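Below is one structure; the comments refer to it alone.
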């Protein structure tokens, strides 16, 4: 699913009206009807509803929703926040359609004698996606007041005060919503950590906008859905064998971090790779073969760098590097050896990322379309610090362009960045915030690369499946009790979804 900026959404509105031969007022009515259908399933009819309206087209949505809820016998009151000289034309039309029984309380910056009910639910239609500056002070004060109240709070299209496609300042007032009903597509701001306190959940509402269009600005953001993944997933063919699904090599698991590469190996095998070799030390090999006898080992020396060049002569289909590798001179030598001997894309995780963060020459040796999987701390080592999620994304895009790599930014909504393109993952929960979770992801993506998935598709499918395992686990486990080793236990069920849908 595509994510649009405000200008692109405006272009889609105009194109839809042109192709379908409808007016902007008709389109607004459709949006209000679709939103009201959702609201009827959420809001109890026994509780009064306050619809907060501003002066633009978002207010028009609000006036229409108030009318439609009234028709369904809800007790509705409109608070009209008058911060401009006049309503937009469509908002004015819907204002005049309000029935007499819908009370309208007009509020401007001079009025302070109004009172909001303590027993109401609230629908926010003050500002929409066009907001790009701080709200008027009296509007901020009203929103702050409502944020303290107990009723359900639902935003239409975007929470007021939250910029749709640019960074808010830390102290900006935003409507604190339980649910945002977002027209046509989610907004990029929904996936930014600085907005987490103001948006509990969102749902995309299809209002019938057309899809295909050559925008005046490039379309760069995508929200990963199940339908997107079904286009990527490769079902197994009947006449196939282990060689059909690739041979992957994982390198890591040095002293003190033996479990890292073992976790990677377990998820790699569960992700469908035909054969898996692990290049690690003797202790790791012993534990690995006890836990996962399907894996093969390649090293007999405590120094992983000694025979690595010889190991790399084998024709591996994918290599994952760095999980528990260590931050020693030996680790740097291992990374350098891989880069010198391998021309195909590799996956770099954990300590391999630390090594390249300290060495520009090594960064320039990374094979094109390699995948980097940093967490926040590792990412700072690669791109420096940032103040906002938008600044972080800009820096990651620049890094991806400069070195021709794919960067998987691991966070609540993991983002896969390939040049200017950003793919936002939709699965997972805080259960994944546990040691070893990233090692598991590295193994999964490496396994997919070995099965001939293009690097970008391997990264997108990998993060999606990684998240699904944690979502599935919550039927049996708590977020607190979930361990990284549980990820491989739920991978079969995660893949099963794609198999069932393909059939």
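In this note's numbering, the protein residues as written are -8 to 494.
Even for Gly, the Cβ is constructed at its ideal location relative to N, Cα and C.
Predicted, not measured: the structure shown is a model, and the values here were computed from it.
Inset, instruction - To the nearest angstrom, report how far apart residue 99 and residue 182 are at their CA atoms. - result: Stepping through the chain shown from its first residue, residue 99 is reached at position 108. Stepping through the chain shown from its first residue, residue 182 is reached at position 191. Whole-angstrom Cα-Cα distance: 32 Å.
Legend entry - Exposed unless 16 or more other CB atoms sit within 10 angstroms - verdict on residue 191: For the purposes of this step, residue 191 is identified with residue 200 of the chain shown, where counting begins at 1. Exposed, by the Cβ-count rule.
Legend entry - Cβ neighbours of residue 275 in the same chain (closer than 7 Å, five flanking residues each side left out): As a first step, residue 275 must be located in the chain shown, where it is residue number 284. Answer for residue 275: 244, 249, 252 and 253, listed in chain order.
Inset, instruction - Put residue 98 into one of helix, strand or coil per three-state DSSP. - result: To locate residue 98, count along the chain shown from 1; it is residue 107. Of the three classes helix, strand and coil, the one that applies to residue 98 here is strand, per DSSP.
Legend entry - Contact under 8 Å by Cβ, residue 322 with residue 316: Indexing the chain shown from 1 puts residue 322 at position 331. Indexing the chain shown from 1 puts residue 316 at position 325. Yes.
Inset, instruction - Check the C-beta distance from residue 362 over to residue 436 and give it rounded, since I have them as a contact under 8 Å. - result: Within the chain shown, numbered from 1, the residue matching residue 362 stands at position 371. Within the chain shown, numbered from 1, the residue matching residue 436 stands at position 445. The Cβ separation is near 6 Å, so the contact holds.
Inset, instruction - Indicate the three-state DSSP secondary structure (helix, strand or coil) for residue 311 in the structure shown. - result: On the chain shown, position 320 is the one that residue 311 refers to. In the structure shown, residue 311 adopts extended strand secondary structure according to DSSP, grouped into three states.
Inset, instruction - Go to residue 413, then tell me how far its beta strand (DSSP E) extends in each direction, as first and last residue. - result: Within the chain shown, residue 413 is the residue found at index 422, counting from 1. Its beta strand (DSSP E) spans residues 412 to 415.
Inset, instruction - Using 7 Å as the cut-off, classify the Cβ of residue 357 as near or not near the heavy atoms of the ligand SAM, replying yes or no. - result: As far as ligands go, the structure on display features none, and thus does not contain the ligand SAM.
Inset, instruction - Enumerate in chain order the residues of its own chain whose CB-to-CB distance from residue 238 is below 6 Å, with the five nearest sequence positions on each side excluded. - result: Taking the first residue of the chain shown as position 1, residue 238 is located at position 247. Only 266, 307 and 308 meet the Cβ criterion.
Inset, instruction - Can you give me the start and stop residues for the alpha helix (DSSP H) that residue 455 sits inside? - result: Stepping through the chain shown from its first residue, residue 455 is reached at position 464. 446 to 464 is the extent of the alpha helix (DSSP H) around residue 455.
Inset, instruction - Could you tell me which of 446, 417, 12 and 328 sits nearest to residue 216, measuring between CA atoms? - result: As a working note, residue 216 is residue 225 in the chain shown. It is 417 whose Cα lies nearest to the Cα of residue 216.
Legend entry - C-beta contact flag for residue 86 and residue 54 at 8 Å: Within the chain shown, residue 86 is the residue found at index 95, counting from 1. Within the chain shown, residue 54 is the residue found at index 63, counting from 1. Going by C-beta atoms, residue 86 is nearer than 8 Å to residue 54.
Inset, instruction - Compare the C-alpha of residue 354 against each of 481, 58, 61 and 327 and name the closest. - result: The residue labelled residue 354 in the question sits at position 363 within the chain shown. Nearest of 481, 58, 61 and 327 to residue 354, Cα basis: 327.
Legend entry - the region 141 to 150 contacting the region 170 to 177, beta-carbon criterion three pairs below 8 Å: yes
Inset, instruction - Using alpha carbons as the reference points, say which of 115, 154 and 465 lies closest to residue 142. - result: Numbered from its first residue, the chain shown carries residue 142 at position 151. Comparing Cα-Cα distances from residue 142 to each of 115, 154 and 465, the minimum goes to 115.
Legend entry - Beta-bridge pairing of residue 349 - partner residues as DSSP gives them: For the purposes of this step, residue 349 is identified with residue 358 of the chain shown, where counting begins at 1. Residue 349 pairs with nothing; no bridge assigned.
Legend entry - Paired residues, beta bridge with residue 270 - DSSP: Position 279 of the chain shown, counting from 1, holds the residue named residue 270. Secondary-structure assignment with DSSP links residue 270 through a beta bridge to 242.
Inset, instruction - Kindly list the residues whose CB is nearer than 6 Å to the CB of residue 167, restricted to its own chain and excluding five residues on each side of it in sequence; keep chain order. - result: In the chain shown, the residue the question calls residue 167 occupies position 176. Result list for residue 167: 138 and 189, in chain order.
Inset, instruction - Inspect the beta-carbon positions of residue 198 and residue 25 and report whether they are closer than 8 Å. - result: Here residue 198 refers to the residue found at position 207 when the chain shown is read from its first residue. Here residue 25 refers to the residue found at position 34 when the chain shown is read from its first residue. Yes.
Inset, instruction - Please list, in chain order, all residues of the same chain as residue 289 whose beta carbon is under 6 Å from its beta carbon, the five residues on each side excluded. - result: What you label residue 289 is simply residue 298 of the chain shown in a count that begins at 1. Taken in chain order, the residues that qualify are 268, 270 and 302.
Inset, instruction - Give, in chain order, every unbroken run of the beta strand (DSSP E) that is at least 3 residues long and sits entirely within the region 165 to 230. - result: 170 to 174, 193 to 196 and 212 to 214
Inset, instruction - Determine which residues share a DSSP beta bridge with residue 115 and list them. - result: For the purposes of this step, residue 115 is taken as the residue at position 124 of the chain shown. Paired residues: 43 and 146.
Inset, instruction - State whether the region 55 to 69 contacts the region 28 to 43, with contact taken as three or more CB pairs (one from each stretch) at a distance under 8 Å. - result: yes
Legend entry - Of the residues 22, 481 and 9, the one placed nearest residue 577, counting alpha carbons only: The question about residue 577 has no answer here: the residues shown for the chain are numbered -8 through 494.
Legend entry - Which listed residue (132, 128 and 83) has its alpha carbon closest to that of residue 107: Position 116 of the chain shown holds residue 107. Taking only the C-alpha atoms, the option nearest residue 107 is 132.
Inset, instruction - Report yes if the CB atom of residue 451 is closer than 8 Å to the CB atom of residue 407, and no otherwise. - result: Within the chain shown, numbered from 1, the residue matching residue 451 stands at position 460. Within the chain shown, numbered from 1, the residue matching residue 407 stands at position 416. The answer is yes: Cβ separation under 8 Å.
Inset, instruction - Give the single residue among 76, 178 and 71 whose Cα lies nearest to the Cα of residue -5. - result: The sequence position of residue -5 within the chain shown is 4, counting from 1. The residue with the shortest Cα to Cα distance from residue -5 is 178.
Inset, instruction - Quickly, what does DSSP pair residue 287 with across the bridge? List them, please. - result: Start at 1 with the first residue of the chain shown, and residue 287 comes out as number 296. Paired residue(s): 268.
Legend entry - According to DSSP, residues forming a beta bridge with residue 397: Taking the first residue of the chain shown as 1, we reach residue 397 at position 406. BP columns for residue 397 point to 362 and 409.
Legend entry - Under 8 Å between C-beta atoms of residue 123 and residue 157: Along the chain shown, one-based indexing puts residue 123 at 132. Along the chain shown, one-based indexing puts residue 157 at 166. Yes. Within cutoff.
Inset, instruction - Tell me residue 70's beta-bridge partners as DSSP assigns them. - result: Mapped onto the chain shown, residue 70 falls at position 79. Paired residues: 43 and 96.
Inset, instruction - In angstroms with no decimal places, state the Cα-to-Cα distance between residue 45 and residue 3. - result: Taking the chain shown and counting its residues from 1, the one referred to as residue 45 is at position 54. Taking the chain shown and counting its residues from 1, the one referred to as residue 3 is at position 12. Each residue's CA atom was taken as its position, placing residue 45 and residue 3 some 23 Å apart.
Legend entry - Coil, strand or helix - residue 13 by DSSP: On the chain shown, residue 13 is found 22 positions in, with the first residue counted as 1. The answer is coil: DSSP assigns residue 13 none of H, G, I, E or B.
Legend entry - Neighbourhood of residue 299 by C-beta distance below 7 Å, restricted to the same chain and skipping five residues each side: Along the chain shown, one-based indexing puts residue 299 at 308. Once the five neighbours on either side are set aside, the close Cβ partners of residue 299 are 270, 325 and 328.
Legend entry - Cβ neighbour criterion (16 or more within 10 Å) applied to residue 186: Mapped onto the chain shown, residue 186 falls at position 195. It is buried - the Cβ of residue 186 has at least 16 other Cβ atoms within 10 Å.
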